[in-house]
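> For the sequence shown, my numbering assigns the number -3 to the initial residue and increments by one for each residue that follows.
Glycine residues also receive a C-beta, built at the ideal position from the N, C-alpha and C atoms.
The structure's right below; bear with me while I get my questions together.
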Amino acid sequence: MNISRREFLQMLAVASASGMSLSACESDKSSAPAGSKSAARPSDPYEIPGFGNVSLLHYTDCHAQLLPIYFREPSINLGVGPMKGRPPHLVGDSFLSYYGIKPGSREAHAFTYLNYIEAAQQLGKVGGFAHLSTLIKKVRAQRPGALLLDGGDTWQGSGTSYWTNAQDMVDAQKLLGVDIMTPHWEMTFGADRVMEIVNNDFKDSIEFLAQNVFDNEWGEQVFKPYVMREINGVPVAIIGQAFPYTPIANPRFMVPDWSFGIRDEHMQQVVDEARGKGAQVVVVLSHNGMDVDLKMATRVTGIDAILGGHTHDAIPRPTEVKNSGGVTLVTNAGSNSKFLGVLDLDVGDGKIRDYRYHLLPVFSNLLEADAEMATYIDKVRAPFQDKLSEKLAVTDEVLYRRGNFNGTFDQVICDALMAVQDAPIAFSPGFRWGVSVLPGEAITFDHVMTQTAITYPTVTRVNMSGTRIKQVLEDVADNLFNKDPYYQQGGDMVRVGGLKYAIDPDGEIGSRITDMELDGKPLDPDKEYPVAGWASVAQPLDGKPIWDLVSEYLRDKKTISKIDLNTPQLKGVDSNPGLATDS
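Now the structure itself:
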């Protein structure tokens, strides 16, 4: 559905008259738990009153989405152990109730999957760098000296970023006005390319920070750990925290000489050094994932706020974490350029006296496109437009990815792998990036690239024993559901085609996966089974990229309908508020 901004605003007026809530992009303070810092609602959801004397703007995990998109939030995001029932592990009505968000409102659509198709058709697409740019300029105009922080996962996730070797996103960041960033998927372009961009494109414009990346041979830091910036007379330190498990979750061969890790002790040293040099505010720009950030906030003192990313959680209000040094605010700002976080701090007498926080959904139909950014996006996409706009098939169902165990777009990928590779089982990575497609829409090659555009895309077909298949599932399950966040690496459960199984997320390591069946028969631990997959991190591979395989499948199918979503039987999660009662 393509409508003009004027038509959209007229439609909103009709929707309002019919009872659809059009509240501002923030939960109501009167219904929020104690400790919430929120200003009175303005009539314009993007007219956010200035507050204090230090402001930081934050977006993260845009995954190279330059254009407005559809993106369905998860209906399952399970928390285990101490994280059960706590942000970010809330979905649907549980999420709305916790944050005091009115059902049926614009925010309810932005932050949850509820009534997704109808709301998306009414409210339109989200994000897009031209619309994000307009919002940033608007907010910055009321906040002199405000910094724009990019939480990483910016260079990867689209056809144009892949074909331009990330140059499209690098230039977009500069045009957007980014001041500081920290990385994760950026590393999958290889160490040489990362250093080329940092030393040339970003020179004198964007700081690339990571306190936790070291050279293997000399033990020296590869990047600056932090920078000091003075904002309206207040010394502010921004510390970078790259994704700690990059060489595990992504190919080690792309960054062979660098080591990562959480490195709490070194983080404490950096915080203390910044304080010793006069920082009155210390903020960590993190790509840990929210659960890891929450634990770090209990262990490292002297951090005022952690602006987080990686797990794609859109959290409307900071979690206030108490530690021996005071309180640390922990936030996470969603994904796909769908949100802009605004943290305003009132700093006086060398400390933070108060704060306000807004997580603003970027509704592209409510924001004019910034002309300069829109022109740039058209130019950078022009050489690839014919290829990207190819209509491969039509979907009769909403296609989405986000969720702990499977998504309909992931199922399409698994079905394609099994069909084209002639394998009874398929594994597809539990990535959290990838846009949604509404019923009745054409599935374009552009859509496929948002689901598959990585620098190690080769498809595979290997034989695996039943024992090995169980080991793979157990390993991924522990990565997702270990009760200690420091052993979690983000992402979701590997998507599985063909194979049926049960999982107990609260189970112990090695015993979560049971009842594995193929074609109604128990999986034989000693038998070898053909398994199709892609995105091997072990070594560089030559062969067909996953996007060609999926495109071939879609062209043959022509229409995608009646998707048989293969999800495991869940055990022990009936009362978990991270599990929707309906989707």
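Residue range of the beta strand (DSSP E) that Y55 falls in?
50 to 55
> Taking Cβ to Cβ, would you say G330 is nearer than 8 Å to D309?
yes
> Just verifying my parser: in three-state terms, what is the DSSP assignment at I258?
coil
> Out of M489, D502, L550, which one is the CA nearest neighbour of K567?
Nearest C-alpha to K567: D502.
> How do the stretch 512 to 520 and the stretch 453 to 470 stand: do at least 3 beta-carbon pairs fall below 8 Å, yes or no?
yes
> Tell me whether W530 sits in a helix, a strand or coil according to DSSP, three-state version.
strand
> Answer yes or no: do I193 and M177 have a C-beta to C-beta separation smaller than 8 Å?
no
> Excluding the five sequence neighbours on either side, which residues of its own chain have a C-beta within less than 7 Å of the C-beta of F125, listed in chain order?
Counting only Cβ-Cβ distances below 7 Å, and skipping sequence neighbours, we find L62, A168, L172, S333, M369, I373.
> Which residue wins for smallest C-alpha separation from Y452, given the options G153, Q565, L363, A142?
G153
> With distance defined between alpha-carbon atoms, name the residue in Q117, D89, V190, D197 nearest to M250.
V190
> Along the chain, where does the beta strand (DSSP E) containing L434 start, and where does it finish?
First-last for L434: undefined, no H or E at that position.
> Which class does Y483 belong to by DSSP, given the choice of helix, strand or coil?
In this structure, Y483 counts as helix in the three-state DSSP scheme.
> Span of the alpha helix (DSSP H) holding P243?
242 to 245 is the extent of the alpha helix (DSSP H) around P243.
> Restricting to runs no shorter than 4 residues, where is the alpha helix (DSSP H) found entirely within the stretch 179 to 226?
187 to 192
> Between which two residues does the alpha helix (DSSP H) containing G88 stretch?
88 to 95
> Excluding the 5 residues flanking D175 on each side, which residues of the same chain have their C-beta closer than 6 Å to its C-beta?
L143, L144
> Measure the C-alpha to C-alpha separation of I499 and G346 and round it to an integer number of angstroms.
50 Å
> Going by other Cβ atoms of all chains shown within 10 Å of its Cβ, with 16 needed for buried, is I244 buried or exposed?
Exposed, because fewer than 16 other Cβ atoms sit within 10 Å of the Cβ of I244.
> In the DSSP assignment, what residue or residues form a beta bridge with N328?
G304
> Between which two residues does the beta strand (DSSP E) harbouring V580 extend?
Lying outside -3 to 579, the shown extent of the chain, residue 580 is not represented and no answer is given.
> Taking the alpha-carbon positions, what's the Q117 to V394 distance?
11 Å
> Which residue or residues does DSSP assign as beta-bridge partners of G75?
Answer is none; G75 lacks a bridge partner.
> Give the list of continuous beta strand (DSSP E) stretches no shorter than 3 residues that lie fully inside the stretch 357 to 435.
387 to 391, 421 to 424
> Report the rounded CA-to-CA distance for Q535 versus P247, giving the unit in angstroms.
7 Å
> Are the Cβ atoms of A473 and M460 separated by less than 8 Å?
no
> Where does K121 land, buried or exposed, given buried means 16+ other C-beta within 10 angstroms?
buried
> Considering only the alpha carbon of each residue, which of L545, R551, T563 lies closest to D511?
Minimum Cα distance to D511 is reached at T563.
> Return the first residue and the last residue of the beta strand (DSSP E) that R457 is part of.
455 to 461
> I need the DSSP call for D474, collapsed to helix, strand or coil.
helix
> Mind checking whether G236 and Q207 have CB atoms under 8 Å apart?
yes
> Is the stretch 417 to 429 close to the stretch 477 to 492, with three or more CB pairs under 8 Å?
yes
> Measure from the alpha carbon of D560 to the alpha carbon of each residue in D544, Q163, V492, V533, then state which is nearest.
Cα-wise, what sits closest to D560 is V492.
> For the beta strand (DSSP E) holding E316, just list the boundary residues, first then last.
315 to 319
> Grab me the residues of I421's own chain with a C-beta within less than 6 Å of its C-beta, minus the 5 sequence neighbours each way, in chain order.
Answer for I421: G494, L495, Y525, V527, listed in chain order.
> Under a three-way DSSP split, which group does D287 fall into?
helix
> Excluding sequence positions up to five away, which residues of its chain have a Cβ less than 6 Å from the Cβ of K553?
A389
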